[in-house]
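Quick note on numbering: the sequence shown equals residues 1 to 249 in the working numbering.
Ideal Cβ positions, reconstructed from N, Cα and C, are used throughout, including at glycine.
Here is the structure we will look at.
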Amino acid sequence: MSLTLKQLVSDWERMTVDLSRKKMKAPFFVVNPKSFLFGKPLMDLAHYADQLAKEHRIDILFTAPLTELAIIAQECPNLIVTSQHMDNIVPGDSMGRVLPESLKQIGVQAVVVNHADKPIPFSILASTIQRAKEVGLLTIACADSISEGQAMALLGPDIVLAEPTELIGRDQMSDRVYVTSTIEKIKEINPAILVEQGAGIRSEKDVAELLQLGADGVGVTSGIVKAENPKEMMKRMIQAVALHQKERK
Numbered sequence: 001m002s003l004t005l006k007q008l009v010s011d012w013e014r015m016t017v018d019l020s021r022k023k024m025k026a027p028f029f030v031v032n033p034k035s036f037l038f039g040k041p042l043m044d045l046a047h048y049a050d051q052l053a054k055e056h057r058i059d060i061l062f063t064a065p066l067t068e069l070a071i072i073a074q075e076c077p078n079l080i081v082t083s084q085h086m087d088n089i090v091p092g093d094s095m096g097r098v099l100p101e102s103l104k105q106i107g108v109q110a111v112v113v114n115h116a117d118k119p120i121p122f123s124i125l126a127s128t129i130q131r132a133k134e135v136g137l138l139t140i141a142c143a144d145s146i147s148e149g150q151a152m153a154l155l156g157p158d159i160v161l162a163e164p165t166e167l168i169g170r171d172q173m174s175d176r177v178y179v180t181s182t183i184e185k186i187k188e189i190n191p192a193i194l195v196e197q198g199a200g201i202r203s204e205k206d207v208a209e210l211l212q213l214g215a216d217g218v219g220v221t222s223g224i225v226k227a228e229n230p231k232e233m234m235k236r237m238i239q240a241v242a243l244h245q246k247e248r249k
């Protein structure tokens, strides 16, 4: 079957974008301050995370409110700066939505989609993930249940974040059956997808346990921002990831 010039150009552009996308490696760590922090406190935490990423040579994704992303990307070159949301729009007459090209232009490298606080209808998720890929953004698709994790895997994101909604912000971590089952079922559909575990993580011991159970990465919000010393807690958690990486080699 012959290809038109337009199709050939489109395929070339897609391959060029794919080559520009960040290549994730496990184990990784996600710092997700949500909207708890902004301004100087957020930047202080980001700068320290940037220092730890360089020191330990691990991938650290750092999310932030949209208005903070540009300065973090500018000042923290060792972080994978991550948007907390993105829409499936193209440049045009849309208003009040998040344009993928705008994120890419300011240095954002990844985006979270379908978080419990910002769910996306499944019918729109596929095009949202595709739009992210088109501009060269990594995608982290959130899933509540094992079956939802499997459904997300069919859409081909780079990472599936498995966390039961009812445990988000709580002091209880996902049980072992949930952790191992989500990893197994998602990998059965697409072994290339990285599986992140979140919800209820409060210490470096929790981080180490999840990685030992097979998680490719771990994401934390409350366990860091609500800790007595957020920077120290983040450091200990990242050190647990670095230790796991060293032991795997």
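Who are the near neighbours of residue i in its chain, counting only those whose CB is closer than 6 Å to its CB and skipping five residues on each side?
{"i": "Cys76", "result": "Ala46, Asp50"}
{"i": "Val135", "result": "Pro100, Glu101, Lys104"}
{"i": "Pro230", "result": "Ile224"}
{"i": "Thr221", "result": "Asn32, Lys34"}
{"i": "Arg131", "result": "Asn88, Pro100"}
{"i": "Ala126", "result": "Leu155"}
{"i": "Thr63", "result": "Asn32, Thr82, Gln84"}
{"i": "Leu210", "result": "Gln197, Val218"}
Apart from the five residues just before and just after residue i, which ones in its own chain have a Cβ nearer than 8 Å to its Cβ?
{"i": "Pro164", "result": "Asp144, Ser145, Ser174, Tyr178, Ala199"}
{"i": "Arg176", "result": "Leu213"}
{"i": "Ser94", "result": "Asp87"}
{"i": "Ile124", "result": "Asn88"}
{"i": "Pro121", "result": "none"}
Is it the case that the Cβ atoms of residue i and residue j are separated by a distance below 8 Å?
{"i": "Asp117", "j": "Thr139", "result": "no"}
{"i": "Phe28", "j": "Ile58", "result": "yes"}
{"i": "His85", "j": "Val98", "result": "yes"}
{"i": "Thr82", "j": "Val111", "result": "yes"}
{"i": "Ala70", "j": "Ile60", "result": "no"}
{"i": "Phe38", "j": "Pro65", "result": "yes"}
{"i": "Leu161", "j": "Ala192", "result": "no"}
{"i": "Ala153", "j": "Asn190", "result": "yes"}
State the CB to CB distance for the pair residue i and residue j, rounded to an integer number of angstroms; the pair is presumed to be in contact (CB under 8 Å).
{"i": "Thr128", "j": "Val108", "result": "Actually they are not in contact, since the Cβ atoms of Thr128 and Val108 sit about 15 Å apart, beyond 8 Å."}
{"i": "Ala242", "j": "Met233", "result": "Actually they are not in contact, since the Cβ atoms of Ala242 and Met233 sit about 15 Å apart, beyond 8 Å."}
{"i": "Val195", "j": "Ala215", "result": "6 Å"}
{"i": "Glu204", "j": "Met237", "result": "5 Å"}
{"i": "Gly149", "j": "Val30", "result": "Wrong, their Cβ atoms sit about 16 Å apart, outside the cutoff."}
{"i": "Lys22", "j": "Ile80", "result": "6 Å"}
Can you name, in chain order, every residue of its own chain whose Cβ lies under 7 Å from the Cβ of residue i, other than the five neighbours on each side?
{"i": "Ile183", "result": "Val195, Gly214, Ala215"}
{"i": "Leu5", "result": "Legend: pLDDT at Leu5 = 39, less than 50; position of this residue unreliable, no value from coordinates given."}
{"i": "Gln74", "result": "Gly107"}
{"i": "Ala26", "result": "Leu194, Asp216, Gly217"}
{"i": "Ile168", "result": "Because Ile168 sits at a pLDDT of 48, beneath the cut-off of 50, its placement in the model cannot be relied upon, and the following sentence gives the value as read from the coordinates. Result list for Ile168: Ala116, Ala199, in chain order."}
{"i": "Gln245", "result": "Pro27, Ile58"}
{"i": "Pro91", "result": "Leu99, Glu101"}
{"i": "Ile186", "result": "Gly149, Gln150, Ala153, Val160, Ile193, Val195"}
{"i": "Glu166", "result": "In this prediction, Glu166 has a pLDDT of 46, which is less than 50 and means its spatial position is unreliable; what the coordinates show is noted afterwards. Result list for Glu166: empty, nothing under 7 Å."}
Residue ranges of each alpha helix (DSSP H) within the segment 69 to 100, 4 or longer: 69 to 75
Those runs of the alpha helix (DSSP H) which lie wholly inside the segment 201 to 249 and span at least 4 residues: 204 to 212, 222 to 225, 230 to 248
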